[in-house]
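Notes to accompany the following structure.
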Amino acid sequence: MNTTFFVLFIGIFVFATVMGGTLGWAARSPKYGILRIHKGRNPIADKLKAPTIFMNYSLPWIMYGGFFYFLGHHTIYAGMPSFTTFLGETLGSLILYDFLYYFMHRAMHTKAGMKLIHGVHHKVRYVTAESGSYLHPAETFAGTALFLGSVVIIGPVSAASFLVANFLFTTINIWVHSNFVLDRPWARLFNFWTRTHDVHHYYCRNNYSSIFPFWDQMFGTHEDGVKVK
Ligand SMILES: [Zn+2]
Ligand SMILES: [Zn+2]
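Quick note on numbering: the sequence shown equals residues 127 to 355 in the working numbering.
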């Protein structure tokens with residue numbers, strides 16, 4: 127891990143912040159808001175207070191800092207691997223994370239899980255991009271720990287693999303909450319993410335994984351969302 131690594135790592139957070147802010151603004155604008163799947167008001171996200179946003183941004187920073195300090199040298203190596211190794215490390219980390227997240231998310235949909243932790247996130251029925259930050263601190267902690275734990279298990283991984291996996295983990299989580307569908311062939315994957323997570327928030331059921339479709343399909347919890355017109 128060198129200066130370039132940390133500059134790129136901070137760059138991911140800056141990009142994610144701008145992306146979340148732009149998508150949140152677009153959801154409220156008359157011009158782009160019509161592209162939302164469910165156009166209802168989102169009083170919880172509207173009331174999202176600065177301390178909640180600050181906590182949900184600062185907690186992962188503290189955790190990443192601790193991870194780099196204590197485990198970075200064992201988990202992340204410098205230098206570029208072969209393309210297949212890069213692909214294996216990146217996809218492996220994300221697939222393992224999504225697998226573990228599936229079960230954690232399902233466990234949080236029990237009566238106790240909803241009451242103690244996950245009910246906070248499900249106060250949002252009409253999701254917008256910033257809804258991804260409306261979480262109980264324990265869920266923010268658990269989600270970040272699950273991602274970093276997956277990298278440790280798959281690792282050691284290259285710095286490039288870690289950065290790309292972190293970029294996808296962060297931005298996909300924002301996008302799935304954006305609620306936008308685009309009537310374009312190239313947008314099918316993006317529409318899949320928003321439609322499945324829209325169902326999850328709107329009905330509070332099914333579609334527990336956040337990146338890959340196969341965990342829900344494998345365990346019989348996939349539910350199709352509203353189709354693009
Ligand atoms: Zn949920
Ligand atoms: Zn959500």
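Where is the CB? At the ideal position from N, CA and C, for every residue including glycine.
- When the Cα atoms are used, D324 and N332 turn out to be separated by approximately 10 Å.
- Taken through DSSP and simplified to helix, strand or coil, S219 comes out as helix.
- Taken atom to atom, the span from the alpha-carbon of G245 to that of H164 is near 20 Å.
- In the DSSP annotation of this structure, Y158 is not part of any alpha helix (DSSP H), being labelled neither H nor E.
- Contact annotation: the stretch 235 to 249 does not touch the stretch 197 to 208, with fewer than three C-beta pairs closer than 8 Å.
- Using a C-beta cut-off of 8 Å, the stretch 293 to 306 makes contact with the stretch 256 to 265, since at least three inter-stretch Cβ pairs fall below that distance.
- DSSP lists no bridge partner for F209.
- For M206, the closest C-alpha among the options L289, M145, T178, G351 is that of L289.
- Around the beta-carbon of N128, fewer than 16 other beta-carbon atoms lie within 10 Å, marking it exposed.
- Take L220, set aside five residues on each side of it, and the residues of its chain with a beta-carbon closer than 7 Å to its own are A291, L294, F295, I337, in chain order.
- Selection Y329, T297, V352, S284 evaluated against G147 yields T297 as nearest (Cα-Cα).
- Annotation for A286: the continuous alpha helix (DSSP H) segment containing it runs 285 to 302.
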